[in-house]
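Engineer: Protein chains in written order, with numbering that gives the first Met the number 0: chain U, 0 to 171; chain Z, 0 to 286.
Beta carbons: idealized from backbone N, C-alpha and C, even for Gly.
Bear in mind the structure is a predicted one, so any value in this text is a computation, not a measurement.
Have a look at the structure that comes next, please.
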Amino acid sequence: MNSTFGIRHIVQFILFVALQILLLDNLVLFSTGFCFIYIAFLLFLPIHINKVLLLFLGFLAGFTVDVFYDTMGIHAAASVLLAFLRPHILNLLTPRDGYDTNDSANLHVMGWRWFLAYASILIAVHHAAVFSLEIISFDWFTLIKVLFSTLFTGVVVVILQLLFFSVKRAKR
Amino acid sequence: MRNLFAFIYRFRAFLVFVLLEALCIYLIVQYNTYQGAAFFNSANRYVGRVLEFQSGVTDYFNLATVNSTLAQENALLREEVLKYRQANLTDSISQMDTTLLVATDSATVHPFSLHAGRVINNSVRRNNNYLTLSIGTEDGVEPGMGVIAPNGVVGRVKTVSAKYSTVTSLLHSQMLISAKIKKNNTMGTIKWLGGDYRTAILDYIPLHVQMSKGDTVVTSGYNTVFPEGIVVGTISSIVREADKSFYTVKVKLAVDFAQLTYVYVVENKQKAERDSLELNAGILPNE
Numbered sequence: 000m001n002s003t004f005g006i007r008h009i010v011q012f013i014l015f016v017a018l019q020i021l022l023l024d025n026l027v028l029f030s031t032g033f034c035f036i037y038i039a040f041l042l043f044l045p046i047h048i049n050k051v052l053l054l055f056l057g058f059l060a061g062f063t064v065d066v067f068y069d070t071m072g073i074h075a076a077a078s079v080l081l082a083f084l085r086p087h088i089l090n091l092l093t094p095r096d097g098y099d100t101n102d103s104a105n106l107h108v109m110g111w112r113w114f115l116a117y118a119s120i121l122i123a124v125h126h127a128a129v130f131s132l133e134i135i136s137f138d139w140f141t142l143i144k145v146l147f148s149t150l151f152t153g154v155v156v157v158i159l160q161l162l163f164f165s166v167k168r169a170k171r
Numbered sequence: 000m001r002n003l004f005a006f007i008y009r010f011r012a013f014l015v016f017v018l019l020e021a022l023c024i025y026l027i028v029q030y031n032t033y034q035g036a037a038f039f040n041s042a043n044r045y046v047g048r049v050l051e052f053q054s055g056v057t058d059y060f061n062l063a064t065v066n067s068t069l070a071q072e073n074a075l076l077r078e079e080v081l082k083y084r085q086a087n088l089t090d091s092i093s094q095m096d097t098t099l100l101v102a103t104d105s106a107t108v109h110p111f112s113l114h115a116g117r118v119i120n121n122s123v124r125r126n127n128n129y130l131t132l133s134i135g136t137e138d139g140v141e142p143g144m145g146v147i148a149p150n151g152v153v154g155r156v157k158t159v160s161a162k163y164s165t166v167t168s169l170l171h172s173q174m175l176i177s178a179k180i181k182k183n184n185t186m187g188t189i190k191w192l193g194g195d196y197r198t199a200i201l202d203y204i205p206l207h208v209q210m211s212k213g214d215t216v217v218t219s220g221y222n223t224v225f226p227e228g229i230v231v232g233t234i235s236s237i238v239r240e241a242d243k244s245f246y247t248v249k250v251k252l253a254v255d256f257a258q259l260t261y262v263y264v265v266e267n268k269q270k271a272e273r274d275s276l277e278l279n280a281g282i283l284p285n286e
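Below, the structure is given as structure tokens:
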């Protein structure tokens, strides 16, 4: 845990989880579109973060939401899965000349195409895990819920990037 | 040995991943099966405090609805009190010599008492919904008690802490409530299949039973959780399916779960006695 994991990420964790619990709990579009914004914390972590640390952070974030949602273990399981897959997806999406040392999972640094591919794959996996663990069996409504919620969360993540991760700060 | 450690070190991320997932699965299974075992849930003291703060802000927006519900309930209670008072005036039995009267039997002594609680967390759109109330063991709430709102059945207490309690809502995939059709006392089971939070299913109604849309469904009183005759809802559709020996009855729930603000936890003073009697007789308590 060196300078790559600073106070900024702790603030982001508290902010996103609080947003999730206090506000987005009540915001469900057409009873199919759920927004699990707390995973933005995991998405925005530095690219070269320790894999094991990332897994524990995933568990922590999911577990915190679980405690408030009374869905013991479901969000934790999905977030750990996301944390496990993240390094692999990052590998898959490596730019031709590799990641720079000061690259971060940021829309302005990595560009639209990279960021959308990265975010949408991970969000879709996470949401699919959440909804299928919740219902155990499978039906078509779950699939619609996954697609719609992925879209919803994805849009919110992009909005967050555009609003709070300015071009200027990314360059620094 | 060194090779083993090297192997473990190489696959440490995967091993940690498997361990954490196993822990999560264990938590899911444990939380869903064993009632009242969970410590980490919204009845936790610190979690409850955050949720209370949140509802402290949002409750102001429903004040009008809360007021009108309370006023309606007050009117209903007042009407009932008047009825009793009227009956009392015309009834001269209390002026009779007490030696002539036998003391009332235990069935007429009301065994239920209600604890009012504020709903500080609520969900209706998930597959398994829970509520959190701002009353706990200090106010006499215990796991397994029934929860009702002024206009109908809400659910059942799952876990309790000193100041907060978590309630399994009727809108939960594994919640079953023993109910009957008020008109002809046919018993069935209320369950929720997910989706729309205003409708549930009344199951196990045999095909010979006569009923019609709009009939009231109430709790049966066959278990110790709910008193008899608490409204669950009204029948909204009756379908007879060719391959089933029971009707598929849809019930429009009386309680609007999205609008819950105050509920009552039902304490049955004779629960222990009745449960132990039924258990001794070899009857398993139905949930």
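Quick one: which chain Z residues come within Cβ less than 8 angstroms of residue 132(U)?
Structural biologist: Residue mapping note: residue 132(U) aligns to position 133 of the first sequence, counting from 1. Correct list: 27.
Engineer: Using 8 angstroms as the threshold, is the region 162 to 176 of chain Z in touch with the region 144 to 153 of chain Z, meaning 3 or more CB pairs across them?
Structural biologist: With a cut-off of 8 angstroms, the region 144 to 153 of chain Z and the region 162 to 176 of chain Z count as touching, because enough Cβ pairs lie within range.
Engineer: Any idea what DSSP makes of residue 61(Z), helix, strand or coil?
Structural biologist: For the purposes of this step, residue 61(Z) is taken as the residue at position 62 of the second sequence. The answer is helix: DSSP assigns residue 61(Z) an H, G or I state.
Engineer: Name, please, each residue of chain U whose Cβ falls closer than 8 angstroms to the Cβ of residue 53(Z).
Structural biologist: Against the second sequence, residue 53(Z) aligns to sequence position 54. Near residue 53(Z) (Cβ distances below 8 angstroms), the residues of chain U are 20, 21.
Engineer: Which one of 127(Z), 260(Z), 266(Z), 250(Z) has the shortest CA to CA distance from residue 133(Z)?
Structural biologist: The sequence position of residue 133(Z) within the second sequence is 134, counting from 1. Nearest of 127(Z), 260(Z), 266(Z), 250(Z) to residue 133(Z), Cα basis: 260(Z).
Engineer: Would you call the CB atoms of residue 145(U) and residue 127(U) closer than 8 angstroms?
Structural biologist: Taking the first residue of the first sequence as position 1, residue 145(U) is located at position 146. Taking the first residue of the first sequence as position 1, residue 127(U) is located at position 128. Yes, they are a contact pair.
Engineer: Measuring CA to CA, which of 216(Z), 256(Z), 168(Z), 202(Z) is closest to residue 184(Z)?
Structural biologist: Here residue 184(Z) refers to the residue found at position 185 when the second sequence is read from its first residue. Taking only the C-alpha atoms, the option nearest residue 184(Z) is 216(Z).
Engineer: Using 10 angstroms around the beta-carbon of residue 267(Z), count the other beta-carbons present and answer buried if the total reaches 16, otherwise exposed.
Structural biologist: Here residue 267(Z) refers to the residue found at position 268 when the second sequence is read from its first residue. Buried.
Engineer: If contacts are defined as beta-carbon pairs under 8 angstroms, then residue 256(Z) and residue 205(Z) qualify, I think. What distance do you get, rounded to the angstrom?
Structural biologist: Position 257 of the second sequence holds residue 256(Z). Position 206 of the second sequence holds residue 205(Z). Wrong, their Cβ atoms sit about 29 angstroms apart, outside the cutoff.
Engineer: What residue from 5(U), 108(U), 86(U) has the CA that sits closest to residue 50(U)'s CA?
Structural biologist: Taking the first residue of the first sequence as 1, we reach residue 50(U) at position 51. Per the Cα distances, 86(U).
Engineer: At the level of alpha carbons, what is the spacing between residue 153(U) and residue 43(U)?
Structural biologist: As a position in the first sequence, residue 153(U) is number 154, starting the count at 1. As a position in the first sequence, residue 43(U) is number 44, starting the count at 1. Distance between the alpha carbons of residue 153(U) and residue 43(U) is about 13 angstroms.
Engineer: For the region 99 to 165 of chain U, which segments carrying the alpha helix (DSSP H) assignment without a break, of at least 4 residues, lie completely within its bounds, in sequence order?
Structural biologist: Counting whole runs of 4 or more residues, the region 99 to 165 of chain U contains the alpha helix (DSSP H) stretches 106 to 109, 111 to 134, 139 to 163.
Engineer: 8 angstroms is my cut-off, CB to CB: does residue 160(U) come that close to chain Z?
Structural biologist: As a first step, residue 160(U) is located in the first sequence; it is residue number 161 there, counting from the start. Output row for residue 160(U): interface = no.
Engineer: Can you find a CB in chain U that lies within less than 8 angstroms of the CB of residue 16(Z)?
Structural biologist: The residue given as residue 16(Z) occupies position 17 in the second sequence. Judged by the 8 angstroms Cβ criterion, residue 16(Z) is in contact with chain U.
Engineer: Excluding sequence positions up to five away, which residues of its chain have a Cβ less than 7 angstroms from the Cβ of residue 286(Z)?
Structural biologist: Numbered from 1 along the second sequence, position 287 holds the residue referred to as residue 286(Z). In this prediction, residue 286(Z) has a pLDDT of 46, which is less than 50 and means its spatial position is unreliable; what the coordinates show is noted afterwards. Closer than 7 angstroms at Cβ, skipping near neighbours: 175.
Engineer: Going along the chain, which residues of its own chain have a beta-carbon closer than 6 angstroms to the beta-carbon of residue 253(Z), five neighbours each way excluded?
Structural biologist: Counted from its first residue, the second sequence places residue 253(Z) at position 254. Same-chain partners within the cutoff: 150, 151, 230, 232.
Engineer: Would you give the residue range spanned by the beta strand (DSSP E) that residue 120(Z) belongs to?
Structural biologist: For the purposes of this step, residue 120(Z) is identified with residue 121 of the second sequence, where counting begins at 1. That run of the beta strand (DSSP E) goes 111 to 121.
Engineer: Within 10 Å of its beta-carbon, does residue 121(U) have 16 or more other beta-carbons around it, so buried, or fewer, so exposed?
Structural biologist: Here residue 121(U) corresponds to residue number 122 of the first sequence, with the count starting at 1. Buried is the call here.
Engineer: Determine, using beta carbons only, whether residue 54(U) comes closer than 8 angstroms to chain Z.
Structural biologist: As a position in the first sequence, residue 54(U) is number 55, starting the count at 1. Answer yes: the Cβ-Cβ gap between residue 54(U) and chain Z drops below 8 angstroms somewhere.
Engineer: Quick one: is residue 6(U) buried, meaning 16 or more other Cβ sit within 10 Å of its Cβ, or exposed?
Structural biologist: The residue labelled residue 6(U) in the question sits at position 7 within the first sequence. By the 10 Å Cβ count, residue 6(U) comes out exposed.
Engineer: Just grab the DSSP bridge partners of residue 289(Z) for me.
Structural biologist: Given a span of 0 to 286 for chain Z in the structure shown, any question on residue 289(Z) remains unanswerable.
Engineer: Is the CB of residue 43(Z) under 8 angstroms away from at least one CB in chain U?
Structural biologist: One-based indexing of the second sequence puts residue 43(Z) at position 44. Chain U contact via Cβ: present.
Engineer: Does the beta-carbon distance from residue 136(Z) to residue 115(Z) come in below 8 angstroms?
Structural biologist: Counting from 1 along the second sequence, the entry for residue 136(Z) is found at position 137. Counting from 1 along the second sequence, the entry for residue 115(Z) is found at position 116. Their beta carbons are not under 8 angstroms apart, which means residue 136(Z) does not touch residue 115(Z) by this criterion.
Engineer: Between residue 22(Z) and residue 242(Z), what straight-line distance do the alpha-carbon atoms span, to the nearest angstrom?
Structural biologist: In the second sequence, counting from the first residue as 1, residue 22(Z) sits at position 23. In the second sequence, counting from the first residue as 1, residue 242(Z) sits at position 243. Rounded to whole angstroms, residue 22(Z) to residue 242(Z) spans 42 angstroms at the Cα level.
Engineer: Is the shortest distance between the beta-carbon of residue 40(U) and the beta-carbons of chain Z less than 8 angstroms?
Structural biologist: Taking the first residue of the first sequence as 1, we reach residue 40(U) at position 41. With 8 angstroms as the cut-off, residue 40(U) does not count as an interface residue toward chain Z.
Engineer: Can you find a C-beta in chain Z that's less than 8 angstroms from the C-beta of residue 60(U)?
Structural biologist: What you label residue 60(U) is simply residue 61 of the first sequence in a count that begins at 1. False, the Cβ-Cβ gap to chain Z never drops below 8 angstroms.
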